[in-house]
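A short write-up of the structure that comes next.
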Amino acid sequence: MTKSDSAALQAIVTDVETGFNANDPELLVRHVADDAVIVNAVGGVLRGRSAVEESVRAGLAGPLRDATAHYELGDIELVAPDVAVALKTAWASRAAADSGEPPAMNALYVFVRREGRWWIQRRQNTLVPAAG
Numbered sequence: 000m001t002k003s004d005s006a007a008l009q010a011i012v013t014d015v016e017t018g019f020n021a022n023d024p025e026l027l028v029r030h031v032a033d034d035a036v037i038v039n040a041v042g043g044v045l046r047g048r049s050a051v052e053e054s055v056r057a058g059l060a061g062p063l064r065d066a067t068a069h070y071e072l073g074d075i076e077l078v079a080p081d082v083a084v085a086l087k088t089a090w091a092s093r094a095a096a097d098s099g100e101p102p103a104m105n106a107l108y109v110f111v112r113r114e115g116r117w118w119i120q121r122r123q124n125t126l127v128p129a130a131g
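When the letters of the sequence shown are read in order and numbered with numbering that gives the first Met the number 0, they come out as residues 0 to 131.
Dropping the structure here:
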């Protein structure tokens, strides 16, 4: 994995975070492949970018309207020349991450490179139960 590939993947996740925090569904799904499959945090399976965008729009207009998130991308591994997997760890805020709080969610991403750029091909979100 080159530094530019790692930077491109980080930029994608930064756009996802910015889109979530700004309630901007277009930015949030900008890097989702047309044929992506996403498993959301409540176990719903979304097939295709249009289904992902519809779900995102509903969430940002409703229960996620006032939610915020901070994401950190790690464990990036190139598993084939144009396929990378990575772990995204999520907290409600940067302050929560910086204070050492456990994450609220983990997500496994599969990125594919097509037409000279990286796309989110698959994502599995898993809520982390609160301790105690």
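By construction, the Cβ of each residue, glycine as well, lies at the ideal position given by its N, Cα and C atoms. Computed from a predicted structure; not experimentally measured.
Beta bridge counterpart(s) of residue i as assigned by DSSP
{"i": "I37", "result": "L45, R122"}
{"i": "F110", "result": "A83, I119"}
{"i": "T1", "result": "None, per the DSSP bridge assignment."}
{"i": "T176", "result": "Absent from the structure is residue 176, since the part of the chain shown begins at 0 and ends at 131."}
{"i": "E76", "result": "V84"}
{"i": "V31", "result": "I119"}
Assigned exposure category for residue i - 16 Cβ within 10 Å defines buried
{"i": "G58", "result": "buried"}
{"i": "P80", "result": "exposed"}
{"i": "V51", "result": "buried"}
{"i": "V127", "result": "exposed"}
{"i": "P102", "result": "buried"}
{"i": "K2", "result": "exposed"}
{"i": "A32", "result": "buried"}
{"i": "A85", "result": "buried"}
{"i": "R113", "result": "exposed"}
{"i": "R48", "result": "buried"}
For residue j and residue i, the rounded distance between their alpha carbons
{"i": "V12", "j": "A129", "result": "24 Å"}
{"i": "V111", "j": "R121", "result": "9 Å"}
{"i": "A83", "j": "M0", "result": "9 Å"}
{"i": "Y70", "j": "N105", "result": "9 Å"}
{"i": "A95", "j": "L107", "result": "21 Å"}
{"i": "L77", "j": "P62", "result": "35 Å"}
{"i": "I37", "j": "D65", "result": "22 Å"}
{"i": "A6", "j": "R56", "result": "27 Å"}
{"i": "A10", "j": "N124", "result": "19 Å"}
{"i": "T17", "j": "E25", "result": "11 Å"}
{"i": "F19", "j": "A35", "result": "18 Å"}
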